[in-house]
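Numbering (the working numbering), first residue to last: 122 to 466.
See below for the structure under consideration.
Below, the structure written as structure tokens:
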């Protein structure tokens with residue numbers, strides 16, 4: 122399996138240019154500043170993942186928004202100054218976002234050629250502007266395709282985008298994730314990479330009943346759950362949740378949820394990555410700030426250990442706010458310990 126040099130230990134800049142609490146200039150100018158990048162580099166991270174929404178950088182008609190693009194320029198220059206790499210993640214395209222409340226019908230993206238053409242055009246703009254950073258940047262095509270019924274259609278769209286990007290920057294490193302919110306079990310549904318500059322990505326908040334306990338946007342999780350604990354305890358809570366990504370916990374033969382659980386659910390993705398000699402990258406993982414902090418750190422220790430064992434690059438979700446922010450008050454007593462864990466190799 123290929124190793125992803127320079128993208129081993131990172132953190133997400135969620136909430137800045139994507140899923141923004143405000144689309145006002147004051148937010149964009151202050152949410153992330155140069156000093157934040159300096160802090161992240163000082164921790165010993167080697168990269169950031171930068172989620173962006175198309176409507177931050179484009180009008181609805183597809184015209185460029187210079188102010189939004191300038192923020193990406195700034196981030197790239199700050200990262201260059203402090204020795205960090207970047208995953209440039211298109212978190213929202215016109216007509217598609219993983220959050221079903223963000224667009225009228227996200228599945229329409231896979232059926233409407235005009236929306237797909239707009240997606241390609243967005244990437245044309247991004248590569249034209251930021252292709253010059255190819256030595257420090259990975260280009261992540263789209264965040265979290267959800268509906269597994271569109272796995273084949275997504276593969277077609279993704280590799281058409283790859284083909285178009287290759288005509289502009291033939292050696293750009295391009296990142297592609299699978300369906301079910303980039304679930305690690307969807308990696309085997311991706312086709313062979315086709316060239317050496319493709320990276321497969323997944324997200325992992327498993328078990329969801331632990332990492333999303335008391336989350337306001339998930340039904341029936343108003344409970345407290347410890348980590349580690351018995352599989353039976355996790356199954357009891359998981360049965361309250363209807364979300365598909367929680368289902369894999371019911372297939373395990375383990376009696377305890379701990380590091381062996383992550384080894385188990387990553388196994389098939391690692392097998393596929395070895396077969397194709399492609400690098401794996403975990404673009405999001407973390408625990409909500411409603412969970413017991415000591416248990417959250419234990420989860421992070423186990424999860425990160427298994428990633429390191431398999432040379433899987435990763436970016437923690439998230440740097441600040443967004444209910445998972447590592448720099449917020451909830452984690453203040455454990456920040457140095459969490460940073461030490463996250464910067465291991």
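C-beta: ideal position from N, C-alpha, C; glycine also.
What's the C-alpha gap between residue i and residue j?
i	j	result
residue 103	residue 220	An answer regarding residue 103 cannot be provided, because it is not within the stretch 122 to 466 covered by the chain.
residue 282	residue 454	44 Å
residue 408	residue 459	12 Å
residue 308	residue 388	11 Å
residue 126	residue 292	15 Å
residue 482	residue 345	Lying outside 122 to 466, the shown extent of the chain, residue 482 is not represented and no answer is given.
residue 430	residue 186	42 Å
residue 177	residue 350	42 Å
residue 304	residue 200	29 Å
residue 270	residue 276	12 Å
residue 159	residue 203	6 Å
residue 173	residue 136	9 Å
residue 325	residue 217	21 Å
residue 265	residue 207	18 Å
residue 337	residue 438	17 Å
residue 382	residue 415	19 Å
For residue i, is the beta carbon positioned less than 7 Å from some heavy atom of the ligand GDP?
i	result
residue 275	No copy of the ligand GDP occurs in the structure displayed, which carries no ligand at all.
Helix, strand or coil: how does DSSP classify residue i here?
i	result
residue 340	coil
residue 377	strand
residue 333	coil
residue 183	coil
residue 210	strand
residue 169	strand
residue 402	strand
residue 131	strand
residue 190	helix
Where do the ends of the alpha helix (DSSP H) carrying residue i lie?
i	result
residue 176	175 to 178
residue 462	456 to 463
residue 98	What the structure shows of the chain is the stretch from 122 to 466, and residue 98 is not part of that stretch, so it cannot be assessed.
residue 161	155 to 164
residue 488	Residue 488 lies beyond the range of the chain shown here (122 to 466); nothing can be said about it.
residue 148	146 to 151
Assuming residue i contacts residue j (C-beta within less than 8 Å), just tell me the rounded distance between them.
i	j	result
residue 162	residue 251	Actually they are not in contact, since the Cβ atoms of residue 162 and residue 251 sit about 20 Å apart, beyond 8 Å.
residue 401	residue 122	7 Å
residue 165	residue 464	4 Å
Taking the continuous beta strand (DSSP E) assigned at residue i, which residues delimit it?
i	result
residue 447	Neither: residue 447 is in no beta strand (DSSP E) and is coded neither H nor E.
residue 370	Here residue 370 belongs to no beta strand (DSSP E), and DSSP marks it neither H nor E.
Fill in: Segments assigned alpha helix (DSSP H), at least 4 residues, entirely inside the region 404 to 438
414 to 430
Discussion item. Runs of 4 residues minimum, wholly inside the region 214 to 281: which ones carry the alpha helix (DSSP H) assignment?
Written reply: Those alpha helix (DSSP H) runs which fall completely within the region 214 to 281 and span 4+ residues are 234 to 251.
Worksheet entry | Length at least 4, wholly inside the region 282 to 321: the alpha helix (DSSP H) runs in chain order | 300 to 303
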